[in-house]
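Written out below as structure tokens is the structure these notes cover.
Protein chains: 2
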Amino acid sequence: MNYIAPVKYSATQEIILDTAEHLFATQGIHATTLRAITSTAKVNLAAVNYHFGSKKQLIQAVLLRRMTPLNNERHRQLNAIIQTARDENRRTTVAEILHAFIEPTLHFSQKNMAHKDFMSIVSTLMMNPHNEFRSLFVSIMKPLIDQLFAALKAALPTIPSTTLQMRLQFTLGTLTFAMREIDIPISAQQQQPASDIETLIDETVSFVSAGMEPL
Amino acid sequence: MNYIAPVKYSATQEIILDTAEHLFATQGIHATTLRAITSTAKVNLAAVNYHFGSKKQLIQAVLLRRMTPLNNERHRQLNAIIQTARDENRRTTVAEILHAFIEPTLHFSQKNMAHKDFMSIVSTLMMNPHNEFRSLFVSIMKPLIDQLFAALKAALPTIPSTTLQMRLQFTLGTLTFAMREIDIPISAQQQQPASDIETLIDETVSFVSAGMEPL
DNA sequence: AAACAATTTAAACGCTTGTTTGAAGTATGT
DNA sequence: ACATACTTCAAACAAGCGTTTAAATTGTTT
Chain V
1 MNYIAPVKYS
11 ATQEIILDTA
21 EHLFATQGIH
31 ATTLRAITST
41 AKVNLAAVNY
51 HFGSKKQLIQ
61 AVLLRRMTPL
71 NNERHRQLNA
81 IIQTARDENR
91 RTTVAEILHA
101 FIEPTLHFSQ
111 KNMAHKDFMS
121 IVSTLMMNPH
131 NEFRSLFVSI
141 MKPLIDQLFA
151 ALKAALPTIP
161 STTLQMRLQF
171 TLGTLTFAMR
181 EIDIPISAQQ
191 QQPASDIETL
201 IDETVSFVSA
211 GMEPL
Chain D
1001 MNYIAPVKYS
1011 ATQEIILDTA
1021 EHLFATQGIH
1031 ATTLRAITST
1041 AKVNLAAVNY
1051 HFGSKKQLIQ
1061 AVLLRRMTPL
1071 NNERHRQLNA
1081 IIQTARDENR
1091 RTTVAEILHA
1101 FIEPTLHFSQ
1111 KNMAHKDFMS
1121 IVSTLMMNPH
1131 NEFRSLFVSI
1141 MKPLIDQLFA
1151 ALKAALPTIP
1161 STTLQMRLQF
1171 TLGTLTFAMR
1181 EIDIPISAQQ
1191 QQPASDIETL
1201 IDETVSFVSA
1211 GMEPL
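Those sequence lines, one after another, are chains V and D.
Each residue of the first sequence is one higher than the one before, starting from 1 at the first, in our numbering.
Each residue of the second sequence is one higher than the one before, starting from 1001 at the first, in our numbering.
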């Protein structure tokens, strides 16, 4: 359930997708030209239009290629902890729920440079309410966010929905910052401590878990 | 101290700045053309180059015009609570410090549509590590962030700097989401509760205050 | 009222953009 | 080996971009 099979691409298509992904992340989607993509990928200028139809469709392909497996994994983990709690005849905890969403996200973003680039694109998109491709992104995320909210509501039945929705938005904001090195530089900061993934995951989960239940 | 005087603009310049601000926020900086700005503002196409020199300099002017008074106010509030605590011979609390930063930010962003647009641009910029204008933005923010970090470090002396830096980044992420209606839509959500500013400020401060000291 | 400076205007500039074209090349199946 | 489909290629296309120009207009000073 909720599983979506990935799409297969030819070698040329994958080179284009990889190159576009990297340039979108580092230069921005709008600022990246087809000439920049094709010359970097060492393919002909017309290759993008031939293989993907248009620049717009290329962007969508870049997004869907990685979004699908990531969301599959997030769904898998959420279902897993819900099932485990049911088996053990108890409620899921807030930290469990948030971990099931945050762990795949941060693990995914730290897997390699390509994944880091991809998450960079995604977070930029999340921050751009009026972006042309945001509706695509939102439609992909919606079922997952709904499931996440329902799980949190069940774990924290006394908190009003309005408040809980707000805190979930804050959580997404925290996660967006966590999954990149956006770092407004801090003077005291010595050249990026570069903590490992597990520490980052733990810190993020405990930060938002505490925020979910203040006082 | 830390106060920077605002720049004066002519009527034509202000119309251009207002229009550019709105279009930058709703369409993105790169996607907004000078022709779109000047035709919407009902001024001649050449007016931007005449009054600001170039599109690049116009963007900088849009940023600086509002950033300066906002940061003046943030500095004022931070200095105020530090002075008050000193007068009362006690440490500043974490919630006080975060409130002094968050309150002016959210109040500013909710003042009117123009301010909302501006904060939309700023948050997009914060999320774009490789954006051309990020360095300008960071240089403006740096003294403030440093002061904020120093205050937090003094209030939470037992927390390692590395951890504290991470939590400050999370806080900025939360605030970035709070100051806009970015809202990944949640199904249970009934057409935006639209809570008032004071509630939003309180919720944000308590969320990040809790996150600063988990357990 | 005349002279000067500041601003606005319409038109054009060179350049880059995404896309399309038709020929050349390559792979596949019989 | 040939016919057929697929892919690559260089070249060109119209459209849109930021910027510049020089004349017309407006505002200010003397």
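For each residue, glycine too, the CB sits at the ideal point set by N, CA and C.
- When DSSP states are grouped into helix, strand and coil, D/M1126 belongs to the helix group.
- For D/P1214, a Cβ of chain V is located within less than 8 Å of the residue's own Cβ.
- Using a CB distance below 8 Å, the part of the segment 107-131 of chain V facing chain D consists of S120, S123, T124, M126, M127, N128, P129, H130 and N131, ordered along the chain.
- Rounded to the nearest whole angstrom, the C-alpha separation of D/A1041 and D/F1052 is 15 Å.
- Flagged as an interface residue toward chain V: D/Q1169, by a C-beta distance shorter than 8 Å.
- Against chain V, the beta carbon of D/H1030 has neighbours under 8 Å at G28, H30 and A31, listed in chain order.
- Per the coordinates, the alpha-carbon of V/F207 lies some 12 Å from the alpha-carbon of V/F177.
- Of the candidates D/M1067, D/T1068, D/P1069 and D/I1037, the residue whose Cα lies closest to the Cα of D/S1054 is D/I1037.
- Here D/A1061 is not near D/I1121, since their CB atoms are 8 Å or more apart.
- Neighbours of D/F1177 across chain V, judged by C-beta separation under 7 Å: Q169, F170, L172 and G173.
- Counting along the chain, the unbroken alpha helix (DSSP H) around D/H1099 starts and ends at V1094 to S1109.
- DSSP, read as helix, strand or coil, puts D/I1145 in helix.
- Secondary structure at D/H1022: helix, using DSSP grouped into helix, strand and coil.
- Relative to the Cα of D/I1029, the nearest Cα in the group D/R1167, D/R1134, D/F1108 and D/L1152 belongs to D/R1134.
- For V/K116, the secondary structure class from DSSP, reduced to helix, strand or coil, is helix.
- The alpha-carbon of D/I1004 is positioned some 12 Å away from that of D/R1076.
- Taking a 10 Å sphere around the C-beta of V/H99, we find 16 or more other C-beta atoms and assign the residue as buried.
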